[in-house]
Each structure stands twice: as structure tokens, then as C-alpha cells.
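Asks:
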Amino acid sequence: MQFLNPAVLAGLFAALIPLAIHLLHKGDTQPVPFSNIRLLRALHSDRMQKVRMRQWLLLLLRMLAIALIVCAFARPTYQSGTSWGGQVAPTAAAVLVDQSYSMSYRLPSGTIADRQHARVSRLSDVFSERDQIAMIPFASTQREALNISPDELNQRLAEWAPSQEGTNIAGALRQAVAHFERHPELKRELYLFTDGARHGWSETPSMRDWIGDARIYVDMLEETTLSNAYIEEVHFSPWIASAKEEMVLKVDVRYIGPAPLRNHTVDLFVDGVRVGRRSLDLKPRGKTQVEMRFTPRTSGHINGFVELAEDSLPLDNRRYFSFHAPSSINALVLGIQPASTYYVRRALNAAAFSDPILSAQSGRIDELDADTIREIDVLILCDLERLDRTQTQIVHDFVANGGGLIVFPSVRADVKYLNRDFLPGIMTVRVRGVAGRPENKTQFRTLDPSADKHPLFADLISSEETDAAHFFTHFSLQAERPVEPLAYFDDGQLALASAWRGSGRSALASFALDLAWNDLPLRGLFAPMIHRLVREFSQPVNRFAAYTVGDKAHRYLENISLEAPIIAESPNAQRLRLQPARTDERYVWSIPSLNEAGSWKIKDGERIVDQFPVNLDARESDIRRVGRAEIKRALGEEVQFLKSNEHMQLQILGSRYGRELWRECLALALFLLTIELWLGRAQRTQRRANKLLASEERL
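Numbering of the sequence shown is given in my numbering, commencing with residue 1 and proceeding in unit increments.
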């Protein structure tokens, strides 16, 4: 047994007060004259003996009642294996407070964060000044752990509002382990306050061995009837964007709820103007895809967002997007001879009929010089064998300065030249040799439609044999990061690789455009494939970056002085001065943390030089509760789940030190006082009877 408030035990001296009063008021007996009647004298003596016994019993009951009341205030606890009395051992406590955006979910009584803060504030009654307390707010990025006293707990809670980030429970647990390791001599306790959303738990490894013998308390929202509609993703083809040409957006809307949601509206805004609205019927725990169409009015950078009608979690009702609508695209196709560029020229000429901003020129590789590609956006080298040193450097500079390069090697390509001189300047890829035989038409490869496909070809490569291109021979490519695969063969080998270098981007095909090697130029997918490649590789360097809140942004700015005052501006107009850093033969401007969703701007003074969208992590919007089995897998089977309908302090202290006995002490004291009251009344009745008997004896 232990006393949680042992100093109060000094009050046990109060139990001696009834004894002192009894001894001080005990007077001498007064003789009463009476006739010498032996029977009455014996009866009186017997009654007085009972009165004395009753008085001593009343005295004992009063002393015990006072002692029990004092013990109740000392808060005794019982747990097997503990000693009697003494001070409670100090504790190293790690308090993990969820700050993910799902904590902003609005309940009838307020947000989940309001409920959480009210629960956390009650810990001030659990801790003492001798405890080492670390408050660890957590979201997708790690926050600094704060060492605080119990009195500072409520003050710190008032400073922590939910962020716009997702959940990273594993990172917070590692911070808790670090806090425990700084205090190895203390008992360990871990408190996790969260909404219980499932995101983050499946990615959390088992931390039981790391946490060790710490007691673990989990407080989470137990309500299971929550509902939420949110935008999971916005799909579109930015490579085809151009002014005054219709664009199609496919919006994935998910709904978590107990019943269908009827007539839920979704709006489309472009450059701050609403350009479309749709009404949806959403099914519980299902995804609904809706198409929204609009036509960009001007060329250049275009921002927009899709917005759902407001619900209990308004933060995830918007999904931002942006794209670049070029005013013109100039492509140059070069080959060893005119026949080398025939299929590509035909494909681009066909595309130009439906794409008014696209223009294509052609020529011979030996005509390649700096003036030839000065106004070119995309350079396509067909049937490439080798270039001289000057031409090689021209191509490298073209890519580094923002140009797009697409290379189809020749069947007679100089592999040594490619690996030694050409490819190192544009991407980390090596050509390993030739696979397959041109004369063997029965053994061929096809492009894989089931692999993780680049969005460029997501709807283009078919699994139908009649639509598939047959590759009888190809080069084997060995790629290293940061090379990005664009397409694979069905045997898993790389078919088309892409990489950034400087401000430009390059693509390398593992096959030649030769009918002896493949029949791709004769297939229906060839023309749209070339068109998409040209469109894609004409885009600015930063167009492909997709950010979520909490990410670090790296932006490559063109035609910017290194001494210019570059400012990053958040959607809420917060400003941050950026400094350039050298990397990969170019300069990058980095934003340490994107802390809110919306359209971010980078300015040179007041001139906007870059814009990009930042979105929430849509996985956090799935507000379904995580199962207790999943929590126990991550934290251990000994996890104690705090109940919202029971006093939290009693639950924690009962687990920490055993069951508190103050209720039993007060109940027993009340019982003893009841007996004392009954005996005292009987004694007063007996005293009146004795006085009456004495009066009769006098008579």
C-alpha cells in the first residue's frame, strides 16, 4: 500500500483529540445517599459497568473515524508487491498530442482538438513537480519536444492548434523514446492523445521493444458515426493544355459516412473565378469520379481548385492544381537522313492539325549547331549514331538551359560514345547491349500496361494484343537515380527513361525506330505517344513537382539574379526570404516547410516568378477509427485505453499505483460514525434511566 499524499498522515494526531477530551472531562464520582437495599445497589453497579464499556467503545469509534478520514485525504492505494507508505516515485512522462488536420473535425460540442485539449489539461492533477514531463506535439513533420512543469501544461496547450499536416505517429514515438533515455533512472509513462484516425497506424512499425517497460495510455475519440466528404485527387493532362482549348478534369470524391449523401455540390474555380458546378450523390465508403470541363482564356501559368460543399471537416474540401498553357511549341526533328525522321515527322504533322500551338521542323543531324536550336523548345534526335564533340556540347547546353530532348538511337549506334560522352551529360543511364534478334518475329516484347505507369501513358498503352506494338530487338538500359521510367516492356526491362539535367529534361528510348526492330511506327499509339512526349518535354522544370503540406520545396528559377531578393509567399500572405544553393550544376531556392495548402508564390520584389500548388495529404481525411488490435500491434498488448466516461485521473493513478482506497476509507468512517451515533443515543437513554432510578431511590 502507498499513500499518494503522505504529508496528510500527520493529521492522524487528530485521532487523539477524543481521548484527550475524555480524560480532561472525567470527574470524581459523587456519592448519592440511599437506603441500604442490597438488590438495588448490585443492579446499579452492573449498569454503571456497561455504561463505562459503552463510553470506551464510543471513544474508540470516534478515534477510528477521524483516523479513516485522515487516511482518505492521504489517498491510500493498494497494488500487490508494493510497500507501505513512502513517497510516490518520480516519473519520466512523454505526452504525445496529435496536431494533424483531422483533429479539426467539428463535433456538436466543438472540434476534436477542443475535446483533446480538455482531456490533456487534466494531466496536471496526475503529475508532480518531481516528474520529468515532455510535451510532444506531432503531425507529419516532427515538432520540438518541450520539457514543462505541470503548471505550464495548460498554457502550452493554448498555443497548439491543429495544423494542416497528416499524421506521423512513429516519429513522435521515437521522440518519446529519446526522452526516456535521458532519464533512465525514472519510471516511464507514455500518453497518446489522438482522434484515432486510421492514417499513420498502418505505417507505424512495432515500437514495443523501443518503448520498453513504459506504461502506455491511449486517449482517442471513441465515436464511430463520423462522416466526411473530401477530394482525393484531381486528374488532368497538363501536357495538352493550351489557351482557348477545352480541358477535362476528373475529380475523385470520397465519402465516409453511415448513410448516402444526396445533392452534394462540387465547384471548379480557375484563377479565382468559378467556371463550373456539379451535384453529386455520394455512397458511403465509396469513391465517385466526376468530370469538369473548362477552357483556359489565356496562356501562361494557370491556378485553380476544386471545392466541395462545407461539412464537418472543411479543411479537406479543396484540392488545388496548376498547369502551364504555352502560347507556342517549336519542335525540331533531326536524323541521319530524311528517311530517319519520316515516322516522327508524320506523327507531328498529324498532331498539328488538332494542336494549333505546335509547329514542327525537320533536318539532318550534321546541320545541328547553336543557331539551329536557338528558338527550339523540343529537340528530337532520330537514328542517332554519334555526334562530334561540338555538337555533343551543344545538346548538353540546350538541355541544361531548359530545352527538351528526345533520343531514338540508331541500330548502328556507337554504344561506347553514348556511355562515355553523350549520356553522362543528360542522365545516369548506360546502354548494356542488344537484346533479341531482328529476324526472330515470333519472340517479341510489348509495352507493359499493368506496371506502374507514368501519367503520360496511363490511358495510351493497351493490353489488347491487336493494339500492342511488337518489339523484336531493343537495347538493354541500366538506369540509376534520379532517372524516371516512362515505360517498361512486359518482361520488366526499361523501355523509355527520363531525367532532368539543369533546367531541361531528356528522354532516351531503348529501341530504334526501325521496322526490323519493332512495328511501333505502324501502330495507332505511335502518333499520340510522340505528341505527348513533345508536349510533356516542353513544360517548365518545376511543373512536375507535387507537394503536400509539410513537404520541403525545391524550386528552380530561370533568369533570376543570385543577388535578387527572392520571397516565398504562402496563401495567407506570410513571407519568407529565400537564399539560393548550388546543386546539380544549377541553383535551387528551397522552402524549409510548406505549412498550409493553397497556391504558393515566389516573388522577385513584387514580380511573381513562380507559382505552385500545395495540397493536404488526402489519406488523413479518412476519419474511420483505427482498431485497438492495430494500436496494440504498434505499442504492445499492455496498452491501457482511457475511457471518456470515467475520471481520467483515477484511471491513470489506479493503473500507476493500484486501486485507490479513499472511497472505502470514507465509507468505513461514515459507518463507524453511524454506529457511534446509535450507541451515543443508547447511552443518553441509559443516562436518563439512571437519573430516574436515582430519583426513585431518594424517595
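Yeah, the Cβ is synthetic: ideal placement off N, Cα and C, and Gly gets one too.
Every value quoted in this text rests on a predicted model; they were computed, and no experiment measured them.
Excluding the 5 residues flanking Phe127 on each side, which residues of the same chain have their C-beta closer than 7 angstroms to its C-beta?
Replies: These residues qualify, in order along the chain: Ala93, Ile133 and Pro150.
Asks: Where does Glu367 sit, in a helix, a strand or coil, going by DSSP?
Replies: Helix at Glu367.
Asks: Would the segment 566 to 581 count as touching the segment 589 to 598 if we require 3 or more Cβ pairs under 8 angstroms?
Replies: The segment 566 to 581, when compared against the segment 589 to 598, does touch it at the 8 angstroms Cβ threshold.
Asks: Sorted by chain position, which residues of the same chain lie with C-beta nearer than 7 angstroms to Met427's C-beta, five sequence neighbours on each side aside?
Replies: Answer for Met427: Val483, Ala497, Ala499, Arg501, Ser506 and Leu508, listed in chain order.
Asks: Taking DSSP as the reference, what is the three-state secondary structure of Thr392?
Replies: Reduced to three states, the DSSP call for Thr392 is helix.
Asks: What is the rounded straight-line gap between the Cα of Gly110 and the Cα of Trp239?
Replies: One C-alpha to the other measures close to 45 angstroms.
Asks: If Ser163 and Tyr101 are in contact, beta carbons under 8 angstroms, what's the gap, nearest whole angstrom?
Replies: So it is a contact: roughly 6 angstroms between Cβ atoms.
Asks: Ser354 and Val333 - do their beta-carbons sit closer together than 8 angstroms?
Replies: No, Cβ-Cβ distance for Val333 and Ser354 is not below 8 angstroms.
Asks: Based on the DSSP secondary-structure assignment, which residues constitute the bridge partners of Arg52?
Replies: Partner(s): none; Arg52 has no beta bridge.
Asks: Do the segment 360 to 378 and the segment 329 to 344 touch if we need at least three Cβ pairs shorter than 8 angstroms?
Replies: Yes, they touch.
Asks: Assign Asp267 to one of three DSSP states: helix, strand, or coil.
Replies: Looking at Asp267 - three-state DSSP - the assignment turns out to be strand.
Asks: Is Ile240 helix, strand or coil when you go by DSSP?
Replies: The answer is helix: DSSP assigns Ile240 an H, G or I state.
Asks: When you compare each of Ala14, Ala89 and Pro296 to Phe3 by their alpha carbons, which one comes out closest?
Replies: Nearest of Ala14, Ala89 and Pro296 to Phe3, Cα basis: Ala89.
Asks: Just the Cα atoms here: how many angstroms apart are Asp371 and Asp316?
Replies: Their backbone Cα atoms lie some 50 angstroms apart in a straight line.
Asks: Just to check my reading of the structure: Tyr230 and Leu661 have Cβ atoms closer than 8 angstroms, yes? What is that Cβ distance to the nearest angstrom?
Replies: In fact, because the Cβ distance is near 50 angstroms, the residues do not count as touching under 8 angstroms.
Asks: So, under 8 angstroms CB-CB, Arg198 and Val626 are touching, yes? Tell me the CB distance rounded to an integer number of Å.
Replies: That belief holds up - the Cβ atoms of Arg198 and Val626 are roughly 4 angstroms apart, short of 8 angstroms.
Asks: DSSP on His470, reduced to helix/strand/coil?
Replies: It is coil, neither helix nor strand.
Asks: Among the candidates Glu638, Ala573, Val549 and Gly605, whose CA atom is the shortest distance from the CA of Ala597?
Replies: Ranking Glu638, Ala573, Val549 and Gly605 by Cα distance to Ala597 puts Val549 first.
Asks: Please state the DSSP three-state secondary structure of Pro296.
Replies: Coil, per DSSP.
Asks: Hey, how far is the Cα of Pro356 from the Cα of Asp459?
Replies: Rounded to whole angstroms, Pro356 to Asp459 spans 23 angstroms at the Cα level.
Asks: May I ask which residues mark the beginning and end of the alpha helix (DSSP H) holding Asn154?
Replies: Unbroken alpha helix (DSSP H) run through Asn154: Leu153 to Leu157.
Asks: Please return the same chain residues whose Cβ sits closer than 7 angstroms to the Cβ of Gly81, not counting the five positions on each side in sequence.
Replies: Residue confidence is low: Gly81 scores 49 on pLDDT, short of 50, so the model does not pin down where it sits. No coordinate-derived value is stated.
Asks: Here's the rule: buried if 16 or more other CB atoms are within 10 angstroms of the residue's CB, otherwise exposed. What is Phe671?
Replies: When all chains shown are included, Phe671 counts as exposed.
Asks: Could you tell me which residues DSSP pairs with Tyr217 in its beta bridges?
Replies: Partner(s): Tyr191 and Gln640.
Asks: Rounded to whole angstroms, what is the Cα-Cα separation between Arg182 and Trp160?
Replies: Cα-Cα distance, rounded: 25 angstroms.
Asks: Among Tyr255, Asp125 and Asn168, which residue has its Cα nearest to the Cα of Pro137?
Replies: Taking only the C-alpha atoms, the option nearest Pro137 is Asn168.
Asks: Tell me where the alpha helix (DSSP H) around Ala458 begins and ends.
Replies: Unbroken run through Ala458: none, as it is neither H nor E.
Asks: Might you give, ordered along the chain, the residues of its own chain that have their beta carbon closer than 6 angstroms to the beta carbon of Leu673, omitting 5 neighbours on each side?
Replies: Same-chain partners within the cutoff: Ala65.
Asks: Report the residue from Gly257, Leu313 and Arg532 whose alpha carbon sits nearest the alpha carbon of Lys283.
Replies: That would be Gly257, whose Cα lies nearest to the Cα of Lys283.
Asks: Rounded to whole angstroms, what is the Cα-Cα separation between Thr446 and Gly524?
Replies: Cα to Cα, the separation comes out at about 14 angstroms.
Asks: Per the DSSP calculation, Thr548 is bridged to which residue(s)?
Replies: Partner(s): Asn615.
Asks: Please determine, among Ser561, Pro438, Ser227 and Ser410, the residue with the shortest C-alpha to C-alpha distance to Glu310.
Replies: Of the listed residues, the one whose Cα sits closest to Glu310 is Ser227.
Asks: Thinking C-alpha only, which one of Asp281, Gly425 and Leu650 is nearest Asn263?
Replies: The shortest Cα separation from Asn263 among Asp281, Gly425 and Leu650 belongs to Asp281.
Asks: My output table needs one value for Met247: the three-state DSSP class, helix, strand or coil.
Replies: Here Met247 sits in strand by DSSP.
Asks: Is Glu307 helix, strand or coil by DSSP?
Replies: Note: Glu307 maps to strand in three-state DSSP.
Asks: Using C-beta distances below 6 angstroms, list every residue in its chain close to Pro296, excluding the 5 sequence neighbours before and after it, in chain order.
Replies: Within the same chain, Pro296 has close Cβ partners Ala243, Ile302 and Ala325.
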